[in-house]
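The next block holds one structure in the form of structure tokens; read it before the comments.
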Amino acid sequence: MTMTEWISDTPFDPKPARHGEPPQVVVAGQRIFAHRAERLRQLASRLPAMGEFLHFSALLCQAQHRTSLDRVSTVGFDARAWRVAVQHGVAPLTPAALLGSLDWRDDLDALLATLDELLAREGERFAAQRLLLGRLIDVSAQQRLALARRLLDHAPIPRDTRALAPLVGAALQVAWTRLARTLEPLPGRPLAGAEGRCPCCGSAPLASVVQLGRQRSRTRYLHCGLCATEWYFERARCSQCTGTAKLDYIGCEDEQGKRGLALRAECCGECGGSLKLVDREWEADAEPLAEDLASLGLDALLDAEGYARASFNPLLAFGD
Amino acid sequence: MSIRVTRRGFFKLGAAGVASSSMAMMGFAPEAAAASVRQFKLTHTRETRNICTYCSVGCGVLIYSRGDAAKNAHQQIIHIEGDPDHPVSRGALCPKGAGLLDYVKSPSRLRFPEVREPGTSEWKRISWDEALTRIARHIKTDRDANFVTTDEQGNTVNHWATTGFLAASASSNESGYLTHKVVRSLGMVAFDNQARV
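Protein chains in written order, with the working numbering: chain A, 35 to 354; chain B, 3 to 199.
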């Protein structure tokens with residue numbers, strides 16, 4: 035046991051700017067996908083109605099975990115270019131720049147093979163979903179790229195490929211999370227005007243999370259939908275428009291007043307967006323992506339309250 | 003609002019949106035999403051930033067209140083915690099600060115002016131007007147009786163040493179300036195801010 039408490043398992047532990055301050059940017063740990071799979075299984079048993087979907091999502095995350103460990107990216111990047119980008123406050127790993135050159139397609143192939151193996155073990159339970167993997171293998175490289183572009187653009191996905199989008203999204207997450215974990219030096223908190231964008235890859239957040247632990251206790255971080263990087267963002271502030279005046283935190287509880295989910299939705303009356311806020315003090319195992327998938331029903335209720343879903347979760351795709 | 007939001011990436015996700023989502027397209031029953039939250043009711047909470055009033059350190063606090071503001075329901079404070087974003091305290095609170103919710107909810111909390119007359123043991127409720135009038139009367143009477151214009155050597159001093167003034171903790175620079183102007187212009191010399199923990 036060393037004296038310092040490491041909060042990241044990359045060689046480049048984020049150092050707070052000054053003593054007592056929380057770290058500004060924390061990249062994902064190596065077990066991020068395994069943690070998601072574990073949490074999804076817990077949630078599947080807690081929310082039986084969503085059980086099938088959450089269990090499938092758990093297997094998808096498990097396949098992501100294996101792929102992220104088994105495959106080593108063979109694409110080399112010039113770290114100096116990244117350093118220049120970081121120095122100028124630009125996100126170095128933007129998908130717009132790297133989608134053509136990064137080997138996410140190989141991750142996708144590996145992921146599909148692993149997932150097929152995991153689904154096969156479940157017998158007939160996920161037979162319909164196994165067919166999707168076959169369908170995606172038959173999709174041309176060009177169509178895959180187009181699908182990835184739309185997904186990363188946070189755009190509506192056409193009906194014919196919507197069912198395949200989460201599989202592509204899963205592969206993109208593996209490729210970008212791996213890349214973000216090699217960044218050195220780590221970028222700082224995004225500049226004013228871009229606070230709601232990931233400092234590593236420029237993507238939108240999936241959700242935000244109030245953290246635990248000595249260095250991050252009760253501090254809120256936005257959690258990147260693509261590379262799972264977490265960056266500091268003040269509490270009680272809208273991640274979409276930075277407004278503070280008309281925020282409503284909408285949560286769920288049962289008849290006895292017991293909390294239903296380990297999150298509330300941060301809903302902004304100024305821009306009309308909502309993003310889920312996971313509180314790890316309520317449940318230490320809570321994980322943004324898993325909680326977001328499990329609380330899809332809440333999004334429909336928020337729509338009735340007049341708030342739109344702003345979250346960027348590549349494991350979900352929507353139409354117009 | 004400093005950023006213009008494009009609303010690109012905002013999805014209006016009603017029941018129809020869930021029914022046409024990738025979840026449904028992948029072969030999972032979309033009704034499951036609604037069913038999973040059916041037994042819950044929605045709660046509305048607000049988070050408001052403030053400063054602890056109990057000493058001059060001025061630690062930041064986040065105050066949680068409950069009640070749907072849109073429906074004009076009365077907001078009830080349900081929780082107070084240290085503000086982790088505050089540069090002074092970084093979310094830490096001392097025992098006084100950690101007990102703020104109990105001060106707010108305290109049954110013995112002072113809600114209006116009260117007076118205990120000399121020789122009685124009862125606190126009696128009085129109006130703000132009466133309270134201010136009585137305080138002003140005491141101040142005026144004492145100042146008229148004890149204001150000193152010159153000392154024994156005949157030097158002009160214009161001071162009033164029989165009444166003191168203790169100003170608030172966690173005051174801003176501006177309220178400190180105003181306090182100073184008011185108190186010193188009366189000639190009062192015994193004067194302190196609670197500029198200490």
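Glycine included, every Cβ here is placed at the ideal spot set by N, Cα and C. None of the values given here were measured: they were computed from a predicted structure.
L213 (chain A) counts as buried, since at least 16 other C-beta atoms from the protein chains shown sit within 10 angstroms of its C-beta.
Within chain B, the C-beta atoms nearer than 7 Å to that of R298 (chain A) come from T47, in chain order. Here G168 (chain A) is exposed, its C-beta having fewer than 16 other C-beta atoms within 10 Å.
In this structure, the alpha-carbon of Q196 (chain B) lies about 20 Å from that of A100 (chain B). Boundaries around K98 (chain B) are those of the alpha helix (DSSP H), P97 to A100, since no beta strand (DSSP E) includes it. Following the DSSP letters along the chain, one finds H188 (chain A) in no beta strand (DSSP E), marked with neither H nor E.
Here S273 (chain A) carries a coil assignment [DSSP, helix/strand/coil]. Less than 7 Å divides the Cβ of A204 (chain A) from the Cβ of L94 (chain A).
By the Cβ neighbour-count rule, N52 (chain B) is exposed, with fewer than 16 other Cβ atoms within 10 Å of its own.
I284 (chain A) has a beta carbon lying within less than 7 Å of a beta carbon in chain B. Excluding five sequence positions before and after R118 (chain B), the CB atoms of its chain that fall closer than 8 Å to its own CB belong to E124, W125 and K126, given in chain order. Ranked by Cα distance from L297 (chain A), the options A:L149, A:V244 and A:R159 are led by A:V244. Within chain B, no residue has its beta carbon less than 9 Å from that of H53 (chain A); the closest one is some 10 Å off. Scanning its chain for C-beta atoms nearer than 7 Å, with the 5 sequence neighbours on each side dropped, one finds around A197 (chain A) the residues L166, in chain order. The beta carbons of S38 (chain B) and G331 (chain A) sit closer together than 7 Å. The region 240-259 of chain A makes no contact with the region 17-24 of chain B: fewer than 3 CB pairs, one atom from each, lie closer than 8 Å.
For I65 (chain B), the pairing in a beta bridge is given by DSSP as B:T50 and B:I82.
P200 (chain A) reaches chain B at S24 and M28, counting residues in chain order whose Cβ is nearer than 8 Å. Contact between Q207 (chain A) and P348 (chain A) is confirmed by a C-beta separation of about 6 Å, below the 8 Å threshold. For I284 (chain A), the beta-bridge partners assigned by DSSP are A:A299 and B:H46. Within the region 133-161 of chain B, complete beta strand (DSSP E) segments of at least 3 residues are found at 150-152, given in chain order. For G63 (chain A), the closest C-alpha among the options A:A78, A:S79, A:F46 and A:R75 is that of A:F46. In the DSSP secondary-structure assignment, C258 (chain A) is bridged to A:P239.
A Cβ-Cβ separation of about 6 Å places A342 (chain A) in contact with G307 (chain A) under the 8 Å criterion. For E268 (chain A), the nearest CB of chain B lies under 7 Å from its own CB, placing it at the interface with that chain. Ranking A:F90, A:P57, A:L220 and A:C301 by CA distance to the CA of R92 (chain B) puts A:P57 first. Assigned with DSSP and collapsed to three states, E86 (chain A) falls in helix.
The beta carbons of A262 (chain A) and I66 (chain A) sit closer together than 7 Å.
Taking 7 Å as the CB threshold, L74 (chain A) stays off the interface with chain B.
Using a Cβ-Cβ cut-off of 7 Å, K14 (chain B) is close to D337 and A342 of chain A, given in chain order. Close to T101 (chain A), with beta-carbon spacing below 9 Å, lies no residue of chain B; the smallest spacing is near 19 Å. Excluding residues up to 5 positions away in sequence, D194 and Q196 lie with their Cβ nearer than 7 Å to the Cβ of L168 (chain B) in the same chain. Here P48 (chain A) is buried: its Cβ has 16 or more other Cβ atoms, across all protein chains shown, within 10 Å. With its beta carbon less than 7 Å from one in chain B, E86 (chain A) belongs to the interface. A check of alpha carbon separations from T50 (chain B) across B:A35, B:Y56, B:V150 and B:I80 identifies B:I80 as the nearest. A residue is called buried when at least 16 other Cβ atoms come within 10 angstroms of its Cβ; P239 (chain A) meets this threshold and is buried.
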